[in-house]
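Trainee:
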Amino acid sequence: MPPQLLPASAAAFAPRANTVNVVLSSKVEPWLTQTLKRINRIKRPLNSVPQHQRCLTETLSSSTAIWTLTSLMLPKAPDSELRKDSNPLIEALFNYQILHVEAYIVHVDMVLRNEVAFKLTPDSIESLIEYHKDIHCVDISANTYSWSEKEMQVKKLHEEFIQAINKFVYRTHVTALEGLEEDGAGELLCGKSDEVKNNITALFLPLLPPPPRIVDVVRQPPLLPSSPAGANWWSQSTLPSSVPAPVDSWRVIPSSPSTTSSVDSNSLWASMGLTDIQLPSPTPSYSQPYSTSAMFYSSPQVSAPIPSLPLPSMLAQQPCGISVGYGGFNQPWDRYQEYATTM
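The sequence shown: position 319 = 1598 (the numbering used here), numbered continuously.
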């Protein structure tokens, strides 16, 4: 991007120079020639670049070469002092004024940037500063809450506006010179005045109050289980409900309980944690007594009755001898001689 070259007269608080810095290219544009011929009362030769440059410089350096950049409608007094009327036309006439923002040309560049630079006149700068101090600052101060450094902030805001409005330089394309009139005066065409209005109104900054202070939230320290206030601390924690999967009892415990199996059953209960026990809450009014018989295997009971054994008195009724041992079975053991012969 080409450098932005401006003369010393364009600086802030600098007075207007006696001559305007005009730089033309080696070829003059036809629209510039027609504009200079239109505004000159005395016909001057415009056949070369130096003649165009001399004519344009003399015209823009005249004390009457004041341009109207834009017009602002501003209130005459703060909002609290404005007149209230049902008729909006009367209210506008009494409460508002039109401020014409005027400027003069300080630089014309038709070589590098093809631009023309305008600087506000001292009268326009003074009027804008007065409005900012007497009306704008009063309104923004009344519309914000009070704090310790409010007045200092308003004063600082006004000082920054003074610096900004004195540094304000409006740059636009050189075709703006088509609005040139007699004696070097002129107006911006093609809607450029709206751009100037937006640039100037952007300098009227609002008053921003300080952000609210962040209040540190004091958090209570965690309660220990031993403290009385944390009596319900353990009750709030939920025990994990882990129910062991059903396992066949005959795979874990031997079928016939003995002294050894009773010792194993104690180790079984000792290995069970607090999380393996499900306690009902609240406790029911009546519950079946807990029994561990279901965890042991027992042989099935015999449903048939066991026959009673004979008593000694019943055996005494039978006769003694060989028939006692053999006669009871209805076998003819008295013929044992026959069996002996056969064998």
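Where is the CB? At the ideal position from N, CA and C, for every residue including glycine. Computed from a prediction, not measured in an experiment: that's the story for all the values here.
(1) Quick check: the Cα distance between residue 1305 and residue 1354, rounded to an integer number of angstroms?
(2) In its own chain, which residues sit with a C-beta less than 8 Å from the C-beta of residue 1334, not counting the 5 before and 5 after it?
(3) Based on the DSSP output, what are the partners of residue 1398 in its beta bridges?
(4) Kindly indicate which residue of 1409, 1383, 1363 has the alpha-carbon position closest to the one of residue 1346.
(5) Can you give me the C-alpha to C-alpha distance between residue 1287 and residue 1392, rounded to a whole angstrom?
(6) Taking only the alpha-carbon atoms, compute the straight-line gap between residue 1428 and residue 1473 and give it to the nearest angstrom.
(7) My understanding is that residue 1387 touches residue 1448, with C-beta atoms under 8 Å, so please give their C-beta distance in whole angstroms.
(8) Count the other CB atoms within 10 Å of the CB of residue 1398; is the residue buried (16 or more) or exposed (fewer)?
(9) What residue range is occupied by the uninterrupted alpha helix (DSSP H) comprising residue 1279?
(10) Whether or not the segment 1434 to 1443 and the segment 1402 to 1412 are in contact is what I'm after, with contact meaning three or more pairs of Cβ atoms, one per stretch, closer than 8 Å; do they touch?
(11) Going by DSSP in three states, residue 1287 sits in which element: helix, strand or coil?
(12) With a CB to CB cut of under 7 Å and the five nearest residues on each side skipped, what residues in its chain are close to residue 1471?
(13) Note down, in chain order, each residue of its chain lying with its Cβ closer than 6 Å to the Cβ of residue 1423, except the 5 sequence neighbours on either side.
(14) Beta strand (DSSP E) containing residue 1349: first to last residue?
Mentor: Working from what's here:
(1) 49 Å
(2) 1315, 1319, 1323, 1325
(3) 1383, 1448
(4) 1383
(5) 18 Å
(6) 36 Å
(7) 13 Å between Cβ atoms; not a contact.
(8) buried
(9) No answer is possible for residue 1279: the residues shown for the chain start at 1280 and end at 1622.
(10) yes
(11) helix
(12) 1451, 1455
(13) 1486, 1488
(14) 1346 to 1354
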